[in-house]
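**Q** The numbers in the numbering used here rise by one with no breaks, and the one at position 311 of the sequence shown is 404. C-beta: ideal position from N, C-alpha, C; glycine also. Model, not experiment: these values are computed from the prediction.
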Amino acid sequence: MTTTKLLKCALLAAIQATVLLAVTPARAETRRVGLVVKNLGNGFFDAARDGGLEAAKELGGIEVIYTGQTTPTAEGQIEIISNLIAQKVDAIVISANDPDALIPICKRAMSRGITVISFVSVVAKAVRVFHINPSNPDLIGEKQIEMVAKTLNGTGEIAILSATAQATNQNTWIKVMKKVLEKPEYKNLKLVDVVYGDDQSDKSYREAIGLMRKHPNLKAIIAPTTVGITASAKAVTDQKMVGKVFVTGLGLPSEMAGHVHSGAVDTFAIWNPIDLGYTAVYAASQLVAKKATGKPGSTVPIGRMGTMTIDANAEAAMAKPFVFDKSNVDKFAKMF
Ligand code: RAM
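#1: Counting along the chain, where does the beta strand (DSSP E) carrying T392 start and finish?
#2: Counting only the same chain and skipping the five closest in sequence on each side, list residues whose C-beta sits under 7 Å from that of Q379.
#3: Cβ of T319 within 7 Å of any heavy atom in the ligand RAM?
#4: Please classify E250: does DSSP put it in a helix, a strand, or coil?
#5: Below 7 Å, is the gap between the Cβ of Q263 and the nearest heavy atom of the ligand RAM?
#6: Tell me whether the beta-carbon of D368 lies closer than 8 Å to the beta-carbon of P389.
#7: Could you pull the start and end residues of the alpha helix (DSSP H) that D286 belongs to?
#8: If you measure from the CB of A179, is any heavy atom of the ligand RAM nearer than 7 Å?
#9: If we ignore side chains and look at the alpha-carbon of each, how far apart do A107 and G153 end up?
#10: Do the CB positions of E48 and F137 come within less than 8 Å of each other?
#11: Quick one, are the C-beta atoms of V353 and V422 less than 8 Å apart?
#12: Give me the residue from N226, I238, I207 with the minimum Cα distance to N401.
#13: Determine the DSSP secondary structure at M411, reduced to helix, strand or coil.
#14: Can you grab the Cα-Cα spacing for the pair Y464 / K383, in whole Å?
#15: If you follow the alpha helix (DSSP H) that I187 is part of, which residue opens it and which one closes it?
#16: Looking at L343 and the ligand RAM, is the gap between the Cβ and the nearest heavy atom below 7 Å?
#17: Are the CB atoms of A326 and V358 nearer to each other than 8 Å?
#18: Is A258 near the ligand RAM - that is, is its Cβ less than 7 Å away from at least one heavy atom of it?
#19: Excluding sequence positions up to five away, which residues of its chain have a Cβ less than 6 Å from the Cβ of K419?
#20: Quickly, what does DSSP pair K156 with across the bridge? List them, please.
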C-alpha cells in the first residue's frame with residue numbers, strides 16, 4: 094500500500110470512529126445496539142451513553158451506536174431508526190419523542206428481527222419488548238411536589254416548565270404532580286401555568302422569563318427536565334430573582350451545583366443516568382443473546398445492577414429518585 098493510501102485509510106478509520114462508538118473491534122459476531130436518544134447535546138443522555146458503553150465493554154462483542162438529533166422530534170427519530178434498520182442493527186434502545194408516531198417505524202424494525210426496547214420515555218407497548226422507567230413515575234411526580242412544598246413552606250404560586258408537549262415521560266410526571274397537588278396538605282400551592290421549553294436551552298430560558306413576567310407572584314418553577322431546570326435557574330439568576338423565585342425539578346448535579354450554591358435552587362432530584370444507560374444496553378444485549386425473553390413476569394440480568402423484573406405492562410422500574418441539596422451536590426457533581 095502506498096503512503097497516500099495508508100493515510101487515507103487512517104483518516105477514514107478516524108472518521109468512522111467518531112460515528113460508531115465501537116467498543117470492540119468489528120468481528121463477525123459483534124452485536125450492534127442503536128442507542129437512540131431524545132436529543133444530542135443533552136448532558137443527561139451523554140451520561141446514559143457512558144453507562145451504555147460501560148455495559149458493552151463489560152459484555153464484550155457489543156457495539157453501541159449512540160445517535161439522535163439536536164432537536165427532540167419524532168420525525169428525526171423516524172429517520173434515525175430507518176437508518177439503523179438499513180444498517181441491520183441487532184437492537185434499538187430508544188427514548189421516544191412521541192409514543193405513537195414511532196409505531197410504524199418500530200413495527201418495521203421488529204419485523205426485520207430487530208429487538209426494540211425503550212428507556213426513560215416510552216414507545217407504545219405494541220412495538221417494544223419492554224420499557225425501562227428510571228424510577229416509578231408516581232415517585233418521580235410526588236417527589237417534585239414534596240420538594241417545592243418544602244422550599245416554599247407549602248404556600249405560593251408555582252409553574253411547570255417541561256420538555257416537549259409530546260414527551261411521554263414528562264407528561265406522565267405532570268399528570269402525577271397535578272393529582273398530588275389535590276391533597277389537602279398542598280392546598281396552598283397553586284399551579285398557575287405549564288409551559289414547554291422543548292429540551293432546548295434557549296427556548297426553555299425564554300419560557301422561564303415569560304413565566305416570571307406573566308405571573309408576578311410566582312414563587313417556584315418545577316422543571317422535570319435536565320435542560321429545563323438548568324435554563325430556568327439561569328433565567329432566575331439573570332433576572333435577579335434568586336430568593337424570590339426558586340427552581341426545582343430533575344437536574345444533573347454537575348449542571349446544578351453552582352445554582353444550588355447561589356440559592357436559585359434549594360433541592361432537586363434525579364436518578365443515576367449512567368446506571369440507566371448501563372441497564373438499557375445490558376438488558377438489550379441479553380435479549381439479543383437470548384439470555385432473557387423480556388416477557389411480562391420474567392427477570393432480566395443487568396450486570397452490576399442485579400436483575401430487573403418485567404411487570405404485566407411490559408415495564409420495569411429502577412431506583413427511587415434521589416434528592417440533592419447543598420450538603421451532597423458537590424460529591425455527585427463529579428460523577429454525572
Ligand atoms: C431531560 C430529558 C429526559 C429526562 C431528564 C430528566 O434530559 O427530557 O427525558 O428524563 O431530562
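**A** Quick answer:
#1: Segment 392-394, the beta strand (DSSP E) holding T392.
#2: Excluding sequence neighbours, Q379 sits near A385, V393, P394.
#3: Set against 7 Å, the gap from the CB of T319 to the closest heavy atom of the ligand RAM is smaller.
#4: Note: E250 maps to strand in three-state DSSP.
#5: Because some heavy atom of the ligand RAM lies under 7 Å away, the Cβ of Q263 counts as near it: yes.
#6: By the CB criterion at 8 Å, D368 and P389 fall outside the cutoff.
#7: Counting along the chain, D286 falls outside any alpha helix (DSSP H), though it belongs to the beta strand (DSSP E) covering 282-289.
#8: For A179, the CB stays at least 7 Å from every heavy atom of the ligand RAM.
#9: The predicted model places A107 with a pLDDT of 40, which falls under 50 and marks its position as unreliable; any figure quoted below should be read in that light. Each residue's Cα considered, the two are about 21 Å apart.
#10: Nothing about residue 48 can be read from this structure; the chain reaches only from 94 to 429.
#11: Cβ atoms of V353 and V422: closer than 8 Å.
#12: Reading off the sequence, residue 401 comes out as Met, not Asn. N226 is the residue among N226, I238, I207 whose C-alpha sits nearest the C-alpha of M401.
#13: Coil, per DSSP.
#14: The structure shown does not extend to residue 464, since the chain is modelled only from 94 to 429, so the question has no answer here.
#15: Note, I187: premise wrong, no alpha helix (DSSP H); beta strand (DSSP E) at 184-187.
#16: It does: the Cβ of L343 is within 7 Å (strictly closer) of some heavy atom of the ligand RAM.
#17: A Cβ-Cβ contact shorter than 8 Å links A326 with V358.
#18: Incorrect: A258 has no Cβ contact closer than 7 Å to the ligand RAM.
#19: Cβ neighbours of K419 beyond the five flanking positions: V353.
#20: The sequence shown places Glu at residue 156, rather than the Lys named in the question. Beta-bridge partners of E156 (DSSP): R125.
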